[in-house]
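Okay, so here's the structure we're looking at.
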Amino acid sequence: MNILFLGDISGKTGREAVHHHLYNLKEKYAVDFCIANGENMSGGSGITISSYEEMRRAGIDLFTGGNHIFRKKEVISLMNDSENVIRPANLSPSCPGMGYTIVPLSGGRRIAVINLLGKVYMDNTADNPFLAADNILKAIGERTKVIFVDFHAETTSEKGALARYLDGRVSAVIGTHTHVQTNDDQILPGGTAFLSDAGMTGAVHSILGVKPEIVIEKFVTGMPRRHEIAEGASQLCGVFLDIDDETGKARAIEKIRIQ
Ligand SMILES: [Fe+2]
Ligand SMILES: [Fe+2]
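Position 122 of the sequence shown, counting from 1, maps to 143 under my numbering, and the rest follow consecutively.
Take a look at the structure:
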């Protein structure tokens, strides 16, 4: 199974990068299923119905979330109406939406997608992501061997530890949230593909997708300022995965970064 995953799509500039490149990427890699982290997709924070529909039309099959997933309340109706938007699984059980989903594909194949939130330097009340993953894998059981995990976390240590904890039990653990692509793509000994962070799909000349002058002013003055998405040249960041349908093990992982 050929899977394409895009790192956090940041605002309109990020959506423009998807329009520029996704069609060609899907052709190039003969993509069976395309996933993107959408937590920053609308105005830099959250997901609106209009940007969801726009990105579905552009070719993204499923959206994962992160710490910003509920910033726009209309995402809840998206979660109620379809199974194409998931939120971190280790949030409160009373939180709307689902933390994982199993999607049927052609030829009787299935892919499970799990979204988890990190704990280290994340300032949240999420449950332990390691134990949450154990519970979800138990629930998935034998329904599919192809299991993709978006681990939305800050530190490379927590991401590397979860990937190794799940090595041989899932097909891929790909990190998001830092918006900076890392250079540690690898297939672990048990067959799990791993990359600490897929990077960001958004403005090249920005600080994590935001106008640099705003972020600089915040650091210099220590005063809060509303973030605005940077414009201009865009980049698409993500990762391509080739997964064996039968065993769920990764055959290839390739970072993608197009400016
Ligand atoms: Fe993000
Ligand atoms: Fe985030």
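No residue lacks a Cβ here, since even glycine has one placed at the ideal position from N, Cα and C.
How big is the Cα-Cα spacing for E238 and M244? As a position in the sequence shown, residue 238 is number 217, starting the count at 1. As a position in the sequence shown, residue 244 is number 223, starting the count at 1. Looking at the two C-alpha atoms, the distance is approximately 8 Å.
Under 8 Å by Cβ, that's how I've got S255 and A219 pegged, so tell me the actual separation to the nearest angstrom. One-based indexing of the sequence shown puts residue 255 at position 234. One-based indexing of the sequence shown puts residue 219 at position 198. Between A219 and S255 the Cβ distance is about 16 Å, and since that is not below 8 Å, they are no contact.
Best match in F261, L257, K270 for proximity to V39 [C-alpha to C-alpha]: Indexing the sequence shown from 1 puts residue 39 at position 18. If we check each option's Cα against that of V39, L257 comes out closest.
L262 to K140 span [Cα, whole Å]: Here residue 262 refers to the residue found at position 241 when the sequence shown is read from its first residue. Here residue 140 refers to the residue found at position 119 when the sequence shown is read from its first residue. Cα to Cα, L262 sits roughly 26 Å from K140.
P150 in three-state terms, based on DSSP: As a first step, residue 150 is located in the sequence shown; it is residue number 129 there, counting from the start. Helix.
For D29, is the classification buried or exposed, using 16 other Cβ atoms within 10 angstroms of its Cβ as the cut-off for buried? Residue 29 sits at position 8 when you count from the first residue of the sequence shown. It is buried - the Cβ of D29 has at least 16 other Cβ atoms within 10 Å.
Would you check if the distance between the CB atom of K270 and the CB atom of L216 is smaller than 8 Å? Numbered from 1 along the sequence shown, position 249 holds the residue referred to as residue 270. Numbered from 1 along the sequence shown, position 195 holds the residue referred to as residue 216. Taking 8 Å as the Cβ cut-off, K270 and L216 do not qualify as a contacting pair.
Is H41 close to ligand 1? I mean its beta-carbon at under 7 Å from any heavy atom of the ligand. As a working note, residue 41 is residue 20 in the sequence shown. False, no ligand heavy atom lies under 7 Å from that Cβ.
Ranges of the alpha helix (DSSP H) found wholly within the region 82-143, counting only runs of at least 4: 96-102
For a quick check, are the C-beta atoms of L187 and V167 less than 8 Å apart? By 1-based counting over the sequence shown, the position of residue 187 is 166. By 1-based counting over the sequence shown, the position of residue 167 is 146. Not a contact, by the Cβ cut-off of 8 Å.
So the alpha helix (DSSP H) R77 belongs to, where does it begin and stop? The residue labelled residue 77 in the question sits at position 56 within the sequence shown. 70-79 is the extent of the alpha helix (DSSP H) around R77.
With DSSP as the reference, label E275 as helix, strand or coil. What you label residue 275 is simply residue 254 of the sequence shown in a count that begins at 1. Note: E275 maps to strand in three-state DSSP.
Shell residues, 5 Å Cβ cut-off relative to heavy atoms of ligand 2: G87, N88, H198
Under the assumption that E175 contacts M143 (Cβ atoms under 8 Å), give the Cβ distance between them as a whole number of angstroms. Taking the sequence shown and counting its residues from 1, the one referred to as residue 175 is at position 154. Taking the sequence shown and counting its residues from 1, the one referred to as residue 143 is at position 122. With 8 Å as the limit, E175 and M143 qualify as a contact, their Cβ atoms being about 6 Å apart.
Could you check whether R92 and G67 sit closer than 8 Å to each other, using their CB atoms as the reference points? Position 46 of the sequence shown holds residue 67. Position 71 of the sequence shown holds residue 92. Yes, the pair counts as a contact, with Cβ atoms nearer than the cut-off.
Under three-state DSSP, which class holds A184? In the sequence shown, residue 184 corresponds to position 163, counting from 1. Assignment of A184 by DSSP, reduced to helix, strand and coil, places it in the helix class.
Which term fits K159, buried or exposed, when burial requires 16 or more other beta carbons within 10 angstroms of its beta carbon? In the sequence shown, residue 159 corresponds to position 138, counting from 1. Burial call: exposed.
With distances taken from CA atoms, which of I24, T34, F26 is nearest L229? To locate residue 229, count along the sequence shown from 1; it is residue 208. Selected option, being the one with the closest Cα: T34.
Excluding the 5 residues flanking S127 on each side, which residues of the same chain have their C-beta closer than 8 Å to its C-beta? Taking the sequence shown and counting its residues from 1, one reaches residue 127 at position 106. Once the five neighbours on either side are set aside, the close Cβ partners of S127 are D53.
Is G25 helix, strand or coil when you go by DSSP? Walking along the sequence shown from the start, residue 25 turns up at place 4. Sequence inspection shows Leu at residue 25; the Gly mentioned does not correspond to that position. L25: strand per DSSP, three-state reduction.
List in chain order: all unbroken beta strand (DSSP E) runs of 3+ residues lying wholly within the region 178-255. 193-197, 214-216
Answer yes or no: do P114 and H173 have a C-beta to C-beta separation smaller than 8 Å? Stepping through the sequence shown from its first residue, residue 114 is reached at position 93. Stepping through the sequence shown from its first residue, residue 173 is reached at position 152. Not in contact: P114 and H173 (Cβ atoms no closer than 8 Å).
Can you tell me whether N58 is helix, strand or coil according to DSSP? Working through the sequence shown from its first residue, we reach residue 58 at position 37. It is a strand residue.
Integer-rounded CB distance, given that T165 should sit under 8 Å from I123: On the sequence shown, position 102 is the one that residue 123 refers to. On the sequence shown, position 144 is the one that residue 165 refers to. Going by Cβ atoms, the distance from I123 to T165 rounds to 6 Å, so yes, they are a contact pair.
Do Q202 and R278 have their C-beta atoms closer together than 8 Å? Here residue 202 corresponds to residue number 181 of the sequence shown, with the count starting at 1. Here residue 278 corresponds to residue number 257 of the sequence shown, with the count starting at 1. Yes, Cβ-Cβ distance for Q202 and R278 is below 8 Å.
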